[in-house]
Every structure is written in C-alpha cells, then in structure tokens.
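Taking the UniProt record's numbering, the leading residue of the sequence shown gets 1, the next gets one more, and so forth. Beta carbons: idealized from backbone N, C-alpha and C, even for Gly. Just so you know, these numbers come straight off a predicted model, no measurement behind them.
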Amino acid sequence: MDNHPYLQRIHTALYVMFQKLQPQMQASIQEHGITPTQLFVIGFLKRKGSCKISELAEEMGVKPSAVTFMVDRLEQNELVIREHDTKDRRVVNIRLTAQGNHTFQQVLEARKAIINRYFSHLDETELATIAAIYEKLVHLMMEEE
Numbered sequence: 001m002d003n004h005p006y007l008q009r010i011h012t013a014l015y016v017m018f019q020k021l022q023p024q025m026q027a028s029i030q031e032h033g034i035t036p037t038q039l040f041v042i043g044f045l046k047r048k049g050s051c052k053i054s055e056l057a058e059e060m061g062v063k064p065s066a067v068t069f070m071v072d073r074l075e076q077n078e079l080v081i082r083e084h085d086t087k088d089r090r091v092v093n094i095r096l097t098a099q100g101n102h103t104f105q106q107v108l109e110a111r112k113a114i115i116n117r118y119f120s121h122l123d124e125t126e127l128a129t130i131a132a133i134y135e136k137l138v139h140l141m142m143e144e145e
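So, in structure tokens, the structure goes:
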C-alpha cells in the first residue's frame, strides 16, 4: 500500500494545503492577541471547565512553572481566572472568563472562515465525500488512542 499512486498525491496535496493554511491560521490567532500555545490552554479549559496548573502542565508535557507564567499572561489579559477550590482552599483552579470564552469562539469562527473560503468551491457531492473520509479517518485515529 505504501507505493499506491494515490498516496503520493494525497501526501503532496496535504503538504501544500498545510503550508498554505498554516500562516493564515497563525494570523487568525495573533489577530486576537494570543499565541498558539495560549489557544491550546484556552481550548483545554473550554473542554475541561477548570483544572489545576499541574493538570495543565501534564497535558502539555511541560513543567508547572512554565504553565504558571503562561497562566499569568492569560490572567493579565482577563482570559482566565484563578479560583480557590471549594473543597480544599489550598488548591487553585484555573477557568476561562467570559472574555476567554469569547476569544476562543472568535478564533474558531476565524478558522472556520478560512476553511470555508476554500471548501465553498466544492460541490455537494465532493463535500459529502470529504466529510465521510475525514470522519472515517478521525474514527480510526480515535481507536488508536
């Protein structure tokens, strides 16, 4: 299967697509005053609700001190807030603020607009085919975890 002629075409097309989309995606993040790593943190908090610095550090594979510095910046920009845990006041949790939620939604909308700009040139059948293929690949990837 490695030498299948379609695989090389797919590889090349994906490579070019990512090379063209990456700068646009980066710019859409920067327009909202955050970095890609900060977007990861905001997205993680959006999914999780709240967490401790140690949980976030483990998820990112970095030391808690690096996450503390990043959370400081996010807190200064009013995107996250630190709160003492209701069960154990020694524990500090981080959660998104309304502004953090809003910024995350804005970035997602900007990214969708970038993708829509290109996919809008496809017809209904092509869109349905691509959607089915991507869903199948995602399903396979999820099974590997």
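Where the beta strand (DSSP E) through residue i begins and ends
| i | result |
| --- | --- |
| Arg82 | 80 to 84 |
Limits of the alpha helix (DSSP H) - the one that residue i falls within
| i | result |
| --- | --- |
| Val62 | Here Val62 belongs to no alpha helix (DSSP H), and DSSP marks it neither H nor E. |
| Leu96 | Run containing Leu96: none in the alpha helix (DSSP H); it sits in the beta strand (DSSP E), 92 to 96. |
| Lys87 | Careful: Lys87 lies outside any alpha helix (DSSP H) and carries neither H nor E. |
| Asn32 | The sequence shown places His at residue 32, not Asn. That residue, His32, is in no alpha helix (DSSP H); it is neither H nor E in DSSP. |
| His139 | 124 to 144 |
Where residue i sits in the DSSP three-state scheme
| i | result |
| --- | --- |
| Lys48 | helix |
| Asn3 | coil |
| Asp72 | helix |
| His102 | helix |
| Asn116 | helix |
| His121 | coil |
Rounded distance between the beta-carbons of residue j and residue i, thought under 8 Å
| i | j | result |
| --- | --- | --- |
| Gln85 | Asn77 | Here residue 85 turns out to be Asp, not Gln, going by the sequence shown. 23 Å between Cβ atoms; not a contact. |
| His32 | Thr103 | 5 Å |
Below-8 Å beta-carbon distance, residue i vs any chain B residue
| i | result |
| --- | --- |
| Asn93 | Absence of chain B from the displayed structure is noted, only one protein chain being present. |
Q. Just checking, does the region 66 to 79 make contact with the region 38 to 54 on the three C-beta pairs under 8 Å criterion?
A. yes
Q | At least three beta-carbon pairs within less than 8 Å, the region 42 to 51 to the region 110 to 123 | A | no
Q. Is the region 106 to 114 touching the region 125 to 138, taking contact as three or more C-beta pairs under 8 Å?
A. no
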